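Chemist: Pasting a structure below so you can have a look.
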Amino acid sequence: MNITPISDIPAYQWQKTAVFPDWKGYVDDTLAMNSMVSFITWHGQGTIYLRVGEGVERFFLFVNGLRVDTGGIRPGAYAVDMTSAALNGTNTLQISNILPASLNGAVEVFIPYPVVLEGTPEAEGIHPATLALIDQLIETDAAYGFPSAQLAIVRNGRLVYRKAWGRACAYTPEGRFIENAPRVTNDTLYDLASVTKMFSANYALQKLATEGRVSLDARVVDLLGEGFVSETISIPYEGSDEVDMDTMRAWKASLTVRDLLCHQGGFPADPQYPNLCFDAARRRYDPNARNALYSGCDGTDATREATFHAICKTPLMYRPGTKTIYSDVDYMLLGLIVEKIVGKRLDEYLKETFFEPMGLRRVTYTPLKHGFAPEDCAATELNGNTRDGFLNWPGVRTQTVRGQVHDEKSHYAMGGVSGHAGLFACATDLAKLATAMLTGGYGPNRFFSRTVMDAFTSPKSLEAGGWGLGWYREGDDQRAWYFGTQAGSGVIGHQGWTGTLAMIDPARQLVVIYLTNKINSPVVDGRVNPNHFAGSCFTASTLGFVAQLISLGLDGAPDPAAQLPILLADMAQESFKLLPETFDPNHPNARNVRAKLDLLKRWAEERGDAEALALSEELEARWRQLCAK
47 MNITPISDIP
57 AYQWQKTAVF
67 PDWKGYVDDT
77 LAMNSMVSFI
87 TWHGQGTIYL
97 RVGEGVERFF
107 LFVNGLRVDT
117 GGIRPGAYAV
127 DMTSAALNGT
137 NTLQISNILP
147 ASLNGAVEVF
157 IPYPVVLEGT
167 PEAEGIHPAT
177 LALIDQLIET
187 DAAYGFPSAQ
197 LAIVRNGRLV
207 YRKAWGRACA
217 YTPEGRFIEN
227 APRVTNDTLY
237 DLASVTKMFS
247 ANYALQKLAT
257 EGRVSLDARV
267 VDLLGEGFVS
277 ETISIPYEGS
287 DEVDMDTMRA
297 WKASLTVRDL
307 LCHQGGFPAD
317 PQYPNLCFDA
327 ARRRYDPNAR
337 NALYSGCDGT
347 DATREATFHA
357 ICKTPLMYRP
367 GTKTIYSDVD
377 YMLLGLIVEK
387 IVGKRLDEYL
397 KETFFEPMGL
407 RRVTYTPLKH
417 GFAPEDCAAT
427 ELNGNTRDGF
437 LNWPGVRTQT
447 VRGQVHDEKS
457 HYAMGGVSGH
467 AGLFACATDL
477 AKLATAMLTG
487 GYGPNRFFSR
497 TVMDAFTSPK
507 SLEAGGWGLG
517 WYREGDDQRA
527 WYFGTQAGSG
537 VIGHQGWTGT
547 LAMIDPARQL
557 VVIYLTNKIN
567 SPVVDGRVNP
577 NHFAGSCFTA
587 STLGFVAQLI
597 SLGLDGAPDP
607 AAQLPILLAD
617 MAQESFKLLP
627 ETFDPNHPNA
637 RNVRAKLDLL
647 KRWAEERGDA
657 EALALSEELE
667 ARWRQLCAK
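Residue 47 is where the sequence shown starts when you use my numbering, and the numbers rise one by one after that.
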């Protein structure tokens with residue numbers, strides 16, 4: 047480790063600062079504590095800055111137990127290169143035996159945050175066989191009709207994997223698969239849908255809470271004004287708690303920021319403010335209805351303001367804090383609260399606070415207004431928001447959605463900028479952004495205190511281990527569908543309706559970002575379910591299979607090569623269960639089965655695995671029986 051004189055200490059926002067001797071400011075029998083500070087970094091990186099005061103004759107310096115030669119140091123500023131000694135996770139610095147012992151403020155320490163560097167999966171303990179299976183699963187699904195996907199993995203502060211599969215716009219509006227459509231790349235932007243909630247409103251509120259600018263127990267009415275309560279109207283919701291207007295307004299007056307973060311605000315899940323043809327009481331599309339909460343659908347600033355008042359008008363379905371109903375309204379409000387506090391639009395605040403300081407050029411709201419073309423973005427729904435013509439209302443988009451947020455409330459009612467949906471990103475930049483939840487900052491930028499991160503990611507209650515404040519948590523296998531069965535209880539993240547997933551695993555220093563545009567595909571049968579897209583029938587759409595496979599063989603666990611073909615056979619076996627009663631080899635569920643069978647046979651043959659080949663032949667026989675009916 048080298049110590050280099052520098053002209054002055056950089057003007058950073060530090061992960062940690064400390065002044066020795068007695069850096070905690072008191073003396074008792076825990077003298078060892080007073081000589082040591084700990085911080086987070088990752089192997090192969092790290093610079094510590096020192097300011098040595100006048101009169102210092104001697105001090106000892108250790109980094110992770112390794113001594114640094116301080117014999118020739120004089121008063122002044124220094125940079126200590128600790129890359130050769132850095133560990134993954136917690137690192138410890140010790141400054142001891144300062145002479146003269148009577149000096150106060152003898153040595154100041156300044157520690158920045160780590161950043162994401164390039165790396166390889168093998169060097170960071172990820173087995174190549176698991177990545178090979180993930181790769182071939184998605185590629186095979188894409189060959190059979192899955193639209194596209196993008197994956198980025200960060201381990202121990204290293205970007206170890208990134209890849210893209212499939213077509214940026216895979217189908218014509220009529221539902222014809224386009225074999226030669228342009229491929230997505232690692233730079234393609236994806237509509238994050240509800241993953242937005244975590245990296246927009248949550249990130250902003252965590253930053254403001256760290257700075258002491260917002261209290262989680264602040265009342266919404268105190269932040270947004272009396273109209274939030276006084277404008278409330280009466281809507282006889284089906285299945286709601288029936289109360290008089292005085293009680294309803296008292297409920298809304300009691301509503302806090304914490305209630306919204308917990309999805310316990312009392313709001314209905316989806317009031318559809320921009321949809322005129324919506325029955326607010328029954329909460330369903332009705333072409334003959336007139337939505338009592340309609341705010342407009344042109345995405346203008348005037349409509350955005352009208353949407354705020356529509357939210358103020360919205361009555362609650364239950365008393366805040368007594369139930370959990372996932373509602374986009376909660377995060378629409380949280381985004382508006384951030385804007386009220388910071389005095390600017392949410393997109394502007396996030397860009398100047400997080401994206402630009404971290405050097406992230408491919409995370410943005412409204413990409414078409416920020417230098418990106420439609421071709422830079424993965425397309426979503428084929429026929430606007432009509433679900434292939436099964437839904438319709440005045441102002442609805444009917445063209446393929448590309449470069450505009452798919453979510454109706456975000457696009458039509460909020461101009462594309464909302465706390466609940468609207469962010470676009472590539473997986474690589476989003477993975478770097480997500481690492482802030484491992485450390486609290488990035489390079490010279492401090493975002494979140496450890497206490498705030500703990501508050502937001504701890505279980506919101508003993509009865510709800512799968513929820514933090516906004517964050518999904520693994521808890522007791524409560525999010526295994528997304529994070530895998532190997533995930534510890536503290537794994538956090540979120541999922542998005544367009545087919546997106548962010549997973550952050552602090553214990554394993556692991557970030558997985560998996561983005562798809564699964565809804566860029568025909569609706570399977572809109573008469574039964576207008577939200578059932580063909581892309582959702584493929585393994586590649588299930589999101590959590592990525593985290594599940596990555597965990598196999600991690601950090602020197604037994605080589606998973608033998609179990610992977612058997613696991614693949616399980617996937618093929620399970621996929622048969624999803625076939626419709628009337629067999630059609632062109633149905634997307636059948637194409638998914640065919641993709642699994644093809645991949646299983648190829649894996650078995652390439653590896654000479656007789657057992658897997660036998661399983662493949664059994665399943666092929668079953669397929670032939672179905673085709674013969």
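Note that beta-carbon positions come from the ideal geometry of N, C-alpha and C, so glycine has one too.
Computed from a prediction, not measured in an experiment: that's the story for all the values here.
Rounded to whole angstroms, what is the Cα-Cα separation between Y331 and Q318?
Modeler: On the sequence shown, residue 331 is found 285 positions in, with the first residue counted as 1. On the sequence shown, residue 318 is found 272 positions in, with the first residue counted as 1. Whole-angstrom Cα-Cα distance: 9 Å.
Chemist: Could you name each continuous alpha helix (DSSP H) segment of 4 residues or more that falls completely within the segment 48-102, going from the start of the chain to the end?
Modeler: Qualifying alpha helix (DSSP H) stretches, in chain order: 77-80.
Chemist: So, helix, strand or coil for Y283, using DSSP?
Modeler: Reading the sequence shown from its first residue, position 237 is the one you call residue 283. Note: Y283 maps to coil in three-state DSSP.
Chemist: What number of angstroms, rounded off, separates the C-alpha of P490 from the C-alpha of Y518?
Modeler: The residue labelled residue 490 in the question sits at position 444 within the sequence shown. The residue labelled residue 518 in the question sits at position 472 within the sequence shown. Rounded to the nearest angstrom, the two C-alpha atoms are 28 Å apart.
Chemist: Measuring only the C-alpha atoms, how far is M82 from L139?
Modeler: Against the sequence shown, residue 82 aligns to sequence position 36. Against the sequence shown, residue 139 aligns to sequence position 93. So the alpha carbons of these two residues sit roughly 6 Å apart.
Chemist: Taking the alpha-carbon of T544 as reference, which of V230, V241 and L646 has the nearest alpha-carbon?
Modeler: As a working note, residue 544 is residue 498 in the sequence shown. Residue V241 is the option with its Cα nearest to T544.
Chemist: In chain order, what residues of the same chain have a beta carbon less than 6 Å from the beta carbon of V303, not counting five sequence neighbours either side?
Modeler: As a first step, residue 303 is located in the sequence shown; it is residue number 257 there, counting from the start. Cβ neighbours of V303 within its own chain (closer than 6 Å, five residues either side excluded): L262 and A264.
Chemist: With DSSP as the reference, label F108 as helix, strand or coil.
Modeler: By 1-based counting over the sequence shown, the position of residue 108 is 62. In this structure, F108 counts as strand in the three-state DSSP scheme.
Chemist: So A239 and A467 are supposed to be a Cβ contact under 8 Å. How far apart are they, rounded?
Modeler: On the sequence shown, residue 239 is found 193 positions in, with the first residue counted as 1. On the sequence shown, residue 467 is found 421 positions in, with the first residue counted as 1. Going by Cβ atoms, the distance from A239 to A467 rounds to 6 Å, so yes, they are a contact pair.
Chemist: Please specify which runs of the alpha helix (DSSP H), each continuous and at least 4 residues long, are wholly inside the segment 418-495, giving them in chain order.
Modeler: 473-480 and 482-485
Chemist: For the candidate residues G311, F313, A315 and N334, whose alpha-carbon lies nearest to that of L322?
Modeler: For the purposes of this step, residue 322 is taken as residue 276 along the sequence shown, with counting starting at 1. From the listed residues G311, F313, A315 and N334, the smallest Cα separation to L322 is found for N334.
Chemist: My output table needs one value for W543: the three-state DSSP class, helix, strand or coil.
Modeler: Reading the sequence shown from its first residue, position 497 is the one you call residue 543. Correct three-state label for W543: coil.
Chemist: Note down, in chain order, each residue of its chain lying with its Cβ closer than 6 Å to the Cβ of A123, except the 5 sequence neighbours on either side.
Modeler: Numbered from its first residue, the sequence shown carries residue 123 at position 77. Taken in chain order, the residues that qualify are I52, D54, I55 and R97.
Chemist: For T585, which residues of its own chain have a beta-carbon under 8 Å away from its beta-carbon, when the five flanking residues on both sides are left out?
Modeler: Locating residue 585 in the sequence shown gives position 539, where the first residue counts as 1. Taken in chain order, the residues that qualify are L183, D187, F591, M617, S621, N638, A641 and K642.
Chemist: For Q196, does the three-state DSSP call read helix, strand or coil?
Modeler: Start at 1 with the first residue of the sequence shown, and residue 196 comes out as number 150. In this structure, Q196 counts as strand in the three-state DSSP scheme.
Chemist: Is P361 closer than 8 Å to T278 when the C-beta atoms are compared?
Modeler: Against the sequence shown, residue 278 aligns to sequence position 232. Against the sequence shown, residue 361 aligns to sequence position 315. Closer than 8 Å, so yes.
Chemist: Which residues in the same chain have their Cβ closer than 7 Å to the Cβ of A471, if we skip the five residues on either side of it in sequence?
Modeler: As a position in the sequence shown, residue 471 is number 425, starting the count at 1. Closer than 7 Å at the Cβ level, and outside the excluded window around A471, lie L235, Y236, L238, R408 and V409.
Chemist: Flag A189 as yes if its beta-carbon sits less than 8 Å from any beta-carbon of chain D, otherwise no.
Modeler: Looking for chain D here will not work: only one protein chain is present.
Chemist: Determine the burial state of R222: buried for a count of at least 16 other Cβ atoms within 10 Å of its Cβ, exposed for fewer.
Modeler: On the sequence shown, position 176 is the one that residue 222 refers to. Exposed, by the Cβ-count rule.
Chemist: Which residues in the same chain as V384 place their Cβ atom closer than 6 Å to its Cβ, once the five residues preceding and following it in sequence are excluded?
Modeler: Taking the sequence shown and counting its residues from 1, the one referred to as residue 384 is at position 338. Within its own chain, the residues whose Cβ lies closer than 6 Å to the Cβ of V384, once the five positions on either side in sequence are excluded, are A250 and L392, listed in chain order.
Chemist: So, helix, strand or coil for F629, using DSSP?
Modeler: Sequence index remark: in the sequence shown, residue 629 carries index 583 (1-based). For F629, the secondary structure class from DSSP, reduced to helix, strand or coil, is coil.
Chemist: Skipping 5 residues on each side, what residues in its chain have a beta carbon closer than 6 Å to that of G441?
Modeler: Counted from its first residue, the sequence shown places residue 441 at position 395. Taken in chain order, the residues that qualify are C343.
Chemist: In chain order, which beta strand (DSSP E) runs of at least 3 residues are fully inside the segment 525-598?
Modeler: 538-542, 546-551 and 556-562
Chemist: Could you round the C-beta distance between F85 and I141 to whole angstroms and report it? I think they count as a contact, below 8 Å.
Modeler: Mapped onto the sequence shown, residue 85 falls at position 39. Mapped onto the sequence shown, residue 141 falls at position 95. Their Cβ separation, rounded to whole angstroms, is 13 Å, which puts F85 and I141 out of contact at 8 Å.
Chemist: Here's the rule I'm using: 16 or more other beta-carbon atoms within 10 Å means buried, otherwise exposed. How should L77 be labelled?
Modeler: To locate residue 77, count along the sequence shown from 1; it is residue 31. Its Cβ having fewer than 16 others within 10 Å, L77 is exposed.
Chemist: Give the secondary structure of I383 by DSSP, where H, G and I count as helix, E and B as strand, and everything else as coil.
Modeler: Position 337 of the sequence shown, counted from the start, is the residue given in the question as residue 383. I383: helix per DSSP, three-state reduction.
Chemist: On the three-state DSSP scale, how would you describe Q182?
Modeler: On the sequence shown, position 136 is the one that residue 182 refers to. Helix, per DSSP.
Chemist: Using CA atoms only, rank isn't needed, just tell me which of G99, L646, I357 and A348 is closest to L339.
Modeler: Translated into the one-based positions of the sequence shown, residue 339 becomes position 293. Distance from the Cα of L339 is smallest, within the candidate group G99, L646, I357 and A348, for I357.
Chemist: Is it buried or exposed, A214, if we count other Cβ atoms within 10 angstroms and call 16 or more buried?
Modeler: For the purposes of this step, residue 214 is taken as residue 168 along the sequence shown, with counting starting at 1. By the neighbour-count rule (16 or more Cβ atoms within 10 Å), A214 is buried.
Chemist: Are there three or more Cβ pairs, one per stretch, closer than 8 Å when the segment 90-110 is compared with the segment 147-156?
Modeler: When Cβ pairs closer than 8 Å are counted between the two stretches, the segment 90-110 is seen to touch the segment 147-156, the count reaching three or more.
Chemist: Under 8 Å Cβ to Cβ from I224, same chain only, skipping five residues before and after it: list those, please.
Modeler: Residue mapping note: residue 224 aligns to position 178 of the sequence shown, counting from 1. If we look at I224 and ignore the five residues flanking it on each side, its Cβ neighbours are R213, C215, A216, Y217 and T218.
Chemist: In the DSSP assignment, find the unbroken alpha helix (DSSP H) run with W26 in it and report its ends.
Modeler: The shown model of the chain, from 47 to 675, leaves out residue 26, and the question about it has no answer.
Chemist: So which of P366, T346 and Y283 has the shortest CA-CA distance to R328?
Modeler: The residue you call residue 328 lines up with position 282 of the sequence shown. Comparing Cα-Cα distances from R328 to each of P366, T346 and Y283, the minimum goes to Y283.
Chemist: Helix, strand or coil for Q140, going by three-state DSSP, please let me know.
Modeler: Residue numbering aside, residue 140 sits at position 94 when the sequence shown is read from its first letter. Here Q140 sits in strand by DSSP.
Chemist: Do L614 and W649 have their C-beta atoms within less than 8 Å of each other?
Modeler: Reading the sequence shown from its first residue, position 568 is the one you call residue 614. Reading the sequence shown from its first residue, position 603 is the one you call residue 649. Yes.
Chemist: Per the DSSP calculation, E164 is bridged to which residue(s)?
Modeler: Translated into the one-based positions of the sequence shown, residue 164 becomes position 118. In DSSP, E164 forms a bridge with L205.
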